[in-house]
Amino acid sequence: MTHLAVHLQGVHKRYPHFALEDVSLEVPTGTILGFIGANGAGKSTTLRILMGLVSHDRGHVEMLGHPIPDGAIAAKTQVGFVSEDMKLFPGATLDWHMRFVAKVFGGWDAGYAAELVRRFDLRADQKIKGLSHGQRVKAALLLALARRPRLLILDEPTTGLDPVARHEVLGALTAAVQDEERTVLFSSQNTLDVEQIADRIAFIDRGRIVDADDKERYLERWRRLRLTLPDAAGQTTLPSAVAVTATGRIATLVTDRHSDELLAACRATGATVQSVDRMTLEEIFVASVMARREEVAA
3 MTHLAVHLQG VHKRYPHFAL EDVSLEVPTG TILGFIGANG AGKSTTLRIL MGLVSHDRGH
63 VEMLGHPIPD GAIAAKTQVG FVSEDMKLFP GATLDWHMRF VAKVFGGWDA GYAAELVRRF
123 DLRADQKIKG LSHGQRVKAA LLLALARRPR LLILDEPTTG LDPVARHEVL GALTAAVQDE
183 ERTVLFSSQN TLDVEQIADR IAFIDRGRIV DADDKERYLE RWRRLRLTLP DAAGQTTLPS
243 AVAVTATGRI ATLVTDRHSD ELLAACRATG ATVQSVDRMT LEEIFVASVM ARREEVAA
């Protein structure tokens, strides 16, 4: 069994007005990876390539040890996929959908399905057309989870959900990987959701992976420093500075390589370090993307 549930290497896909370029991504087995990007960044295209729904132009794609698209059929027997635009049969009940999925796929866990019906506050006898948006999302997630797949791929699973529904969905995802052989890859614009449950993070912007790392390493290596500059100070270039802004003698430095050496380098310029602040995942994402865009534009 491969130690990587998902492996993309040098993947390219070109459309008339958008392109994925050199996308490389690894998702180790037993992890929850949050795939963060703005609308149109390439999240859904990447996931559809992974599922064999879209053909990539070049590069290597592998899922659960199977090459994609050639091995997509074999791989997808062990994959649960939920997309925000996934449609269920409106005139059929949730119970009908559960019985249908149980017949088509092996591994259906009826007891777990019943538990999810209760946890998600759903009614098995209710028709899909009578469900709210949040209930339909939870129904689709139930149908994927109750198969006990080795890999869950979720495209914007919490979009449009109220806070209670989001909490229920995120709790179910966390519980799904208590088994160390199960993996979750989910895309999202909501960095708070990702920060709550993911243990690995990947940022994508304009068709390219900006950065990917363990979540705790992200949060540990990024800092915002507030500095007071000496009277005679001009613009100072400091190591590991992603962004520096200054107004008069007050400067703010954002770094993705926080260390004692960086603090010493700041003090060596004559600056006084007033504070060193941790950053949220959203702040880290915005800083990463803006730094890359400035680098590309330069």
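Residues are numbered in our numbering as their position in the sequence shown, beginning at 1, plus a constant of 2. Note that beta-carbon positions come from the ideal geometry of N, C-alpha and C, so glycine has one too.
Between the alpha carbons of Val256 and Trp224 lies a distance of about 7 Å. Taking C-beta atoms under 8 Å as the contact rule, Ile206 and Phe37 qualify, at a distance of about 7 Å. The beta carbon of Ala141 lies closer than 8 Å to those of Leu90, Leu96, His99, Phe122, Leu124, Ile130, Leu133 in the same chain, with the five residues before and after it left out. Rounded to whole angstroms, Gly82 and Leu154 show a C-alpha spacing of 5 Å.
The Cβ atoms of Leu147 and Ala178 sit closer than 8 Å to each other. Ranked by Cα distance from Gly93, the options Thr47, Thr249, Arg138 are led by Arg138. Beta-bridge annotation (DSSP): Met65 is paired with Val8, His68. Taking Thr33 as the centre and dropping the five residues before and after it, the same chain places the C-beta of Thr185, Asp201, Arg202 closer than 7 Å to its C-beta, in chain order.
About 6 Å separates the beta carbon of Val8 from that of Leu187, a gap short enough to meet the 8 Å contact definition. Proximity to Val278 across Leu156, Glu222, Asp111, Asp72 peaks at Glu222, based on C-alpha coordinates. Around the C-beta of Ser261, fewer than 16 other C-beta atoms lie within 10 Å, and the residue is accordingly described as exposed. The shortest C-alpha to C-alpha distance from Gly54 to any of Gly44, Met65, Lys45 is the one to Met65.
Where Gly82 is concerned, the enclosing beta strand (DSSP E) starts and stops at 81-85.
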